[in-house]
Structure formats: C-alpha cells, structure tokens
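All letters in the sequence shown, in the order written, are residues 709 to 846 by the working numbering.
For reference, the structure discussed in these notes is given below.
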Amino acid sequence: VKGGRRFSFSALVVVGDRNGNVGYSIGKANEVADAIRKATEGAKRNMVHITMKDKTIPHEVYGKFDGARVYMRPASVGTGVIAGGGMRAVLELSGIRDVLAKSMGSTNGMNVIRATMAALESLQSKEEIMGARQLARA
709 VKGGRRFSFS
719 ALVVVGDRNG
729 NVGYSIGKAN
739 EVADAIRKAT
749 EGAKRNMVHI
759 TMKDKTIPHE
769 VYGKFDGARV
779 YMRPASVGTG
789 VIAGGGMRAV
799 LELSGIRDVL
809 AKSMGSTNGM
819 NVIRATMAAL
829 ESLQSKEEIM
839 GARQLARA
C-alpha cells in the first residue's frame, strides 16, 4: 500500500481457571478486537495442567525461553504472588497463591510468559519424581 500504512495488531492473552489450568496464545489481525478474540480462543485450546502443592509450587524451578529466564520458589501460606509483569498474570490465573518469582534477562513480555510456562510445565509432584526414580532403578 502506498505510504506503507497498513497496520496489523497482535494480542497476547493468558487464560486460566485458577484451579491448576492455564494457557496462553498470540492472536494477530487487522483489528484489535479480532486479535484479542483469536488469542483468547487459542489460549483456551492450549491450556495445560500445572502441578501444585496446596496453593504453591512443589519445588524450586527455573525456566528459559530465548533471552528470558525465570526462577520460582515455593512460599509459605500468606506470602502471596511475589512476581512482576506477565509472570504475575500467569501465576495468578493458574491458581498459585503463594510463590516467590524472579524474572531475569529479557523484558520482552511474550518471552517472559513463555519462560514462565516452560518452568511451570516442568514442575513434578513428589509422587511423579519417586515413580521416575523407581523406573530408573528397574
């Protein structure tokens, strides 16, 4: 188009049921509302279950995506979600109530959310770890 005036919008949406399920997606369209709608539909389709211990995470976890790095630690009851930006949204929507989190490296929101999701997906309960160790011995 003459003058290069042809805009496109992208929306990053995080959805969760506050009960251990959370998902994210990116939607692109010529209109803002359409981009948000596409992203919301995609996020609902891409929901994953997060392993939790009470209302915190079962163990320390580290996640990476591109230049974004995130570190999360379980916290005692009443601590709240100590996290910034996109990390806070993902953690609150997943139902985690008490966690200490730190985002390092890249401040790109998309990459921070992807790193957070990578960290949450790598969480394992005590039973899962014990089962894996039993299989390794057999």
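No residue lacks a Cβ here, since even glycine has one placed at the ideal position from N, Cα and C.
Closest by C-alpha distance to residue i, when choosing among the options
i, options, result
"Ala776", "Thr815, Ala827 and Glu829", "Thr815"
"Asn738", "Tyr779, Ala719, Arg726 and Gly792", "Ala719"
"Gly771", "Glu835, Ala827 and Leu831", "Ala827"
"Val721", "Arg713, Asn727 and Gly731", "Gly731"
"Met818", "Gly728, Ala797 and Gly724", "Ala797"
"Gly750", "Lys761, Arg845, Ile734 and Arg822", "Ile734"
"Glu724", "Glu836, Met825 and Lys736", "The residue asked about is misnamed: residue 724 is Gly in this sequence, not Glu. Selected option, being the one with the closest Cα: Met825."
"Gly793", "Val778, Arg713 and Val740", "Val778"
"Glu768", "Asn727, Lys752 and Gln832", "Gln832"
"Ala791", "Lys752, Leu799 and Val785", "Leu799"
Minimum Cβ-Cβ distance from residue i to chain C less than 8 Å
i, result
"Ile734", "Included in the structure is just one protein chain, with no chain C present."
Separation of residue j from residue i, as counted between CA atoms
i, j, result
"Thr759", "Lys746", "27 Å"
"Gly839", "Pro766", "16 Å"
"Ala809", "Thr787", "12 Å"
"Thr764", "Gly711", "52 Å"
"Ser811", "Phe773", "11 Å"
"Arg805", "Met795", "13 Å"
"Val756", "Thr748", "15 Å"
"Lys834", "Gly813", "30 Å"
"Val789", "Val820", "16 Å"
"Val807", "Asn754", "23 Å"
"Asn729", "Asp762", "14 Å"
"Leu801", "Ser830", "18 Å"
"Pro782", "Gly803", "13 Å"
"Ala844", "Glu836", "12 Å"
For residue i, the first and last residue of its enclosing beta strand (DSSP E)
i, result
"Val769", "Val769 to Phe773"
"Asn727", "First-last for Asn727: undefined, no H or E at that position."
"Met760", "Counting along the chain, Met760 falls outside any beta strand (DSSP E), and DSSP gives it neither H nor E."
"Ala776", "Ala776 to Pro782"
Supposed contact pair residue j and residue i - C-beta distance, whole angstroms, cut 8 Å
i, j, result
"Phe717", "Ala743", "5 Å"
Bounding residues of the alpha helix (DSSP H) (the contiguous stretch that carries residue i)
i, result
"Ser802", "Gly793 to Ser802"
"Ala747", "Val740 to Arg753"
Runs of alpha helix (DSSP H) wholly within the segment 805-835 (minimum 4 residues, chain order): Here the runs fully enclosed are 817-829.
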